[in-house]
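**Student:** Residues -25 to -1, 1 to 348 in mature numbering (1 follows the signal peptide of the UniProt record, and there is no 0) are what the sequence shown spells out, letter by letter. Each residue gets a CB set at the ideal place from its N, CA and C atoms; glycine is no exception. One structure coming up, written as structure tokens, with questions to follow.
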Amino acid sequence: MLTSTIQTTLLRLRQFLCSVTVIRAQDYWGVTYRSTQICAVKGSTVEINCSYTYPSRANGYNIAVQETFWFTRLQDEEPVDVRTQSEYAGRVEYQCKSNICSLRIIDLRESDSTEYKFRLITNDPSGKYTASPGVTLTVTGTDEQSDHAVTLICHSSCLTDRFPFVWYENETFIQDETSPSYGGHFDPEYRYSCASQGHRSHSVCEFTSLYAPIVPSVSINPPGDIMKNSSVTLSCSSDANPAAKYTWYKKNQTLLSEEPQLIFISIQPSDTGEYYCTAENRLERTTSKHVFVNGQYGPKTCSVSVSPSAEIMEGSSVTLSCSSDANPAANYTWYKENQTLAEHTGNYYCEAQNTRGRLNSTFGTLNLTLVLG
């Protein structure tokens, strides 16, 4: 009887060691980075975290933190806040609370690969502290594929290992392989089998490859414009083995769901914003790109204001303003009650209209006072 077993399986996957480095100066100045080495995929989101300490009093000052920021370079020997750098415009966010700070970078680019340092500035003129070394971020252009190095062993209950064996890949004979062991890089979609030379019966070997989640993709159903009170489903999907677990987030908020789908039964204007999901298995966690959910609705309010609001003299200037709450923004049309007259005194109203509806305002009354000479 022939049996085939996998003797060794070596998987070369993207794995990153997260070490905690404590950088502490004298007098209790210090910064702790959660991780000093981070790797992420182009187009995804990354978050760099740290916590800091400082003395309550130094150099005659009761120490108070005035500013915290992250930087990657110096200008005139001074750190440059990444928020002021054009290449990060619209892609960086800071969050600081209770001496814990984070830098979030969205839509990662390969050019973002560099060292990020944290800067702390207090009311003490000499109380400026930089945590160095910082956090090294590496952004890869594409998700790496696992490379499987495997050795298959063919055993026989009645033949010695010196007896010649033959190997097959998807029932196709592999030439020049007569050893009881067969090593190489294998496609996990194929079936491999062995047999004693001269015999037709095969013993089949199948194996499973393990790999981290690829960057998740997000879909919106139904596609296109989203109407207020309609039902909308966001779906997150990723290829991973073991299968990934999914988590949904709204930008600048905590998690919303731990399911592959995020369902809005009746979407409201407050739901408008950026959403993203993560896919995680025991090998790694990856983050999707952000998608914008825009709940559209017709004008909800429409009002007229008159400026100046006091008594208006003939010959003076007056402005009527129309405003409404609508998404997309409304276009406005002005009307005078009943008919168009030469005189300006009267009741005016406006109409707000967008692709989702229209709404008239209440009247704004314009009274002119005639001054006789």
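Please state the DSSP three-state secondary structure of arginine 9.
**Tutor:** Coil at arginine 9, not helix or strand.
**Student:** Buried or exposed, going by whether 16 or more other CB atoms sit within 10 Å of the CB of residue 426?
**Tutor:** Because the chain spans -25 through 348 in this model, residue 426 falls outside it and cannot be assessed.
**Student:** How many angstroms separate the CA atom of alanine 187 from the CA atom of valine 16?
**Tutor:** 12 Å
**Student:** Whole angstroms is fine: what's the gap from serine 206's alpha carbon to isoleucine 189's?
**Tutor:** 28 Å
**Student:** Would threonine 43 and valine 57 qualify as a contact pair, given that the criterion is a beta-carbon distance under 9 Å?
**Tutor:** no
**Student:** Buried or exposed for glutamine 271, going by 16 or more other Cβ atoms inside 10 Å?
**Tutor:** buried
**Student:** Figure out for me which residue from Lys92, Ile81, Val55, Ile38 has the closest Cα to the Cα of tyrosine 8.
**Tutor:** Lys92
**Student:** Whole beta strand (DSSP E) runs in the stretch 4 to 61 with 3 or more residues, listed along the chain?
**Tutor:** The DSSP assignment places complete beta strand (DSSP E) segments of no fewer than 3 residues inside the stretch 4 to 61 at 5 to 8, 12 to 16, 21 to 28, 40 to 50, 53 to 56, in order along the chain.
**Student:** Please state the DSSP three-state secondary structure of residue 349.
**Tutor:** Since the first residue of the chain shown is -25 and the last is 348, residue 349 is not available in this structure.
**Student:** Look at isoleucine 80 and threonine 20 and say whether their C-beta atoms are less than 9 Å apart.
**Tutor:** yes
**Student:** Per DSSP, which one or two residues make a beta bridge with glutamate 249?
**Tutor:** Phe267
**Student:** To the nearest angstrom, how far is the alpha carbon of proline 217 from that of tyrosine 36?
**Tutor:** 55 Å
**Student:** Given a cut-off of 9 Å, decide if valine 268 and threonine 294 are closer than it, judged by their beta-carbon atoms.
**Tutor:** no
**Student:** Hey, quick one: how far does the beta strand (DSSP E) through valine 114 stretch, first residue to last?
**Tutor:** Going by DSSP, valine 114 is part of the beta strand (DSSP E) stretching over 103 to 115.
**Student:** In the DSSP assignment, what are the bridge partners of glutamine 236?
**Tutor:** Ser210
**Student:** Starting from the C-beta of proline 244, find all residues in its chain whose C-beta is less than 7 Å away, skip the five residues before and the five after it, and write them out in chain order.
**Tutor:** The beta carbon of proline 244 lies closer than 7 Å to those of Lys203, Gly270, Tyr272, Asn302 in the same chain, with the five residues before and after it left out.
**Student:** Three-state secondary structure (DSSP) at glutamate 312?
**Tutor:** coil
**Student:** For tyrosine 69, list the residues DSSP reports as bridge partners.
**Tutor:** Leu78
**Student:** Pick helix, strand or coil for glutamate 289, following the three-state DSSP scheme.
**Tutor:** coil
**Student:** Measuring CB atoms only, is the stretch 224 to 235 touching the stretch 275 to 289, in the sense that at least three cross pairs come out at less than 8 Å?
**Tutor:** no
**Student:** State the Cα-Cα distance for the pair glutamine 50 and threonine 262, rounded to the nearest angstrom.
**Tutor:** Their Cα atoms are separated by approximately 33 Å.
**Student:** Out of Gly5, Gly332, Arg66, which has the shortest C-alpha to C-alpha gap to glutamate 249?
**Tutor:** Arg66
**Student:** Using 10 angstroms around the beta-carbon of arginine -2, count the other beta-carbons present and answer buried if the total reaches 16, otherwise exposed.
**Tutor:** For arginine -2, the pLDDT reaches just 36, beneath the cut-off of 50, and the residue's location in the model is therefore unreliable, although a value from the coordinates is still provided. Result: exposed.
**Student:** Beta strand (DSSP E) containing residue 393: first to last residue?
**Tutor:** Residue 393 lies beyond the stretch modelled for the chain, which goes from -25 to 348, so this question has no answer here.
**Student:** Round the Cβ separation of valine 193 and serine 210 to the nearest angstrom and send it over; I've been treating them as touching at under 8 Å.
**Tutor:** 7 Å
**Student:** Using only the alpha-carbon positions, how far apart do glutamate 90 and asparagine 329 sit?
**Tutor:** Distance between the alpha carbons of glutamate 90 and asparagine 329 is about 48 Å.
**Student:** Do you know offhand how far threonine 147's Cα is from leucine 127's?
**Tutor:** 16 Å
**Student:** Measure from the alpha carbon of tyrosine 63 to the alpha carbon of each residue in Glu85, Cys71, Thr276, Glu52, then state which is nearest.
**Tutor:** Glu85
**Student:** Between which two residues does the beta strand (DSSP E) holding lysine 220 run?
**Tutor:** Element bounds for lysine 220: 220 to 225.
**Student:** Just verifying my parser: in three-state terms, what is the DSSP assignment at residue 349?
**Tutor:** Within the shown structure, residues of the chain are numbered from -25 to 348, placing residue 349 beyond reach of any answer.
**Student:** According to DSSP, which residues form a beta bridge with arginine 333?
**Tutor:** Answer by DSSP bridge pairing, in chain order: Gln328.
**Student:** Looking only at its own chain, which residues have a Cβ that is under 6 Å from the Cβ of asparagine 306, when we skip the five neighbours before and after it?
**Tutor:** Gln328
**Student:** Looking at C-alpha atoms only, which residue of Ala304, Trp45, Asn196 is the closest neighbour of valine 266?
**Tutor:** Asn196
**Student:** Check the DSSP bridge columns for asparagine 302 and list the partner residues they point to.
**Tutor:** Tyr272
**Student:** According to the Cβ coordinates, are valine 114 and serine 88 closer than 9 Å?
**Tutor:** yes
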